[in-house]
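In my numbering, the protein residues as written are 64 to 359. Note that CB positions come from ideal geometry on N, CA and C, so glycine has one too. In this text, all values refer to a predicted model and were calculated from it rather than measured experimentally. Since the structure comes first, as structure tokens, the remarks are kept for the end.
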């Protein structure tokens, strides 16, 4: 039976404009190109988990606009169960992104329908209870994240929180987290201290993965393990969705029953497979691509 993963999170349409340079306030700059890409950390991680071999359900909210139609279609086309995705009247979540030729960007995110994703229904709680692993991020109301983690803990479902983007956490939220995934900025936001000192995080959660971009990742737990897991060497084309590829694959590997250190190595392979392609959700790798890199 495939590992069962439920992802509770955001879905956004990314509107990306490319230009020679970013406009100053009040200025119009003639752009080079424009692309429209389904995204959002929740949707990306759900697609990543499905492509990595998980039986994946996405719980979130999309708008009644054309962007919502596209977001729902992209999720369904990759094998994600969208039966419980809510449709909210009005705009879907949108990220307006301007990128210059050096790669510098400026981003405005309008949460849209994501802001309406509140108060889990009984059927949503049932899906969480039936999962092997619940995966959450922080682009939706934090009360909903907390409710999902609490429902999972009550049902015995293992929980992963990717604490991105960095936000203030409600009291007691981390008590419901079995595995915390953070980068160095997010680690500092939680502890207020040195990101390389994982003891402060391990005082809050039993297991931590610290992602280190091109340097790989680091896994630590309360049993005394603290291991740097190097990145796989590949030719990099675009790092946009690498973190989501990593986290979605990590959820699948843990749901399969792999030891977490092995799961982190496999997730590193997923991140490496992702950066070889340009794009976001379209660059997320399937299981065969991950296994090919992991076999090295």
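- Restricting attention to beta strand (DSSP E) runs no shorter than 3 residues, the segment 207 to 243 encloses them at 221 to 225, ordered along the chain.
- CA-CA distance, residue 186 to residue 148, rounds to 11 Å.
- Take residue 201, set aside five residues on each side of it, and the residues of its chain with a beta-carbon closer than 7 Å to its own are 208, 226, 227, 228 and 230, in chain order.
- Under the three-state reduction of DSSP, residue 246 is assigned to coil, being neither helix nor strand.
- Between the alpha carbons of residue 115 and residue 282 lies a distance of about 20 Å.
- Here residue 97 is exposed, its C-beta having fewer than 16 other C-beta atoms within 10 Å.
- Shortest Cα-Cα distance from residue 146 to any of 101, 82 and 121 involves 121.
- Burial of residue 79 is indicated by the presence of at least 16 other C-beta atoms within 10 angstroms of its C-beta.
- Counting along the chain, the unbroken alpha helix (DSSP H) around residue 189 starts and ends at 185 to 192.
- Annotation for residue 353: the continuous alpha helix (DSSP H) segment containing it runs 350 to 357.
- In the DSSP assignment, residue 289 falls within the beta strand (DSSP E) that extends over 289 to 292.
- Rounded to the nearest whole angstrom, the CA to CA distance from residue 124 to residue 180 is 6 Å.
- For residue 100, the closest of 137, 248 and 255 by C-alpha to C-alpha distance is 137.
- Residue nearest to residue 219 within the set 190, 292, 162 and 153 is 190 (criterion: CA-CA distance).
- Under the three-state reduction of DSSP output, residue 307 falls in the helix class.
- Taking C-beta separations shorter than 7 Å and ignoring five residues to either side along the sequence, the partners of residue 294 in its chain run 277, 278, 279, 331 and 335, following chain order.
- Looking at the DSSP output, residue 158 bridges to 77 and 172.
- With a cut-off of 8 Å on Cβ pairs, the segment 284 to 302 is in contact with the segment 336 to 347, counting three or more such pairs.
- Residue 270 is bridged by DSSP to 284.
- Fewer than three beta-carbon pairs drawn from the segment 84 to 98 and the segment 124 to 133 are found closer than 8 Å, and the two stretches are therefore not classed as touching.
- DSSP, reduced to helix, strand and coil, places residue 146 outside both helices and strands of the structure shown, so it counts as coil.
- Distances from the CA of residue 271 to each of 307, 104, 222 and 305 were compared; the closest alpha carbon is that of 222.
- The C-alpha of residue 105 is placed about 29 Å away from the C-alpha of residue 288.
- Cβ neighbours of residue 249 within its own chain (closer than 7 Å, five residues either side excluded): 226, 227 and 229.
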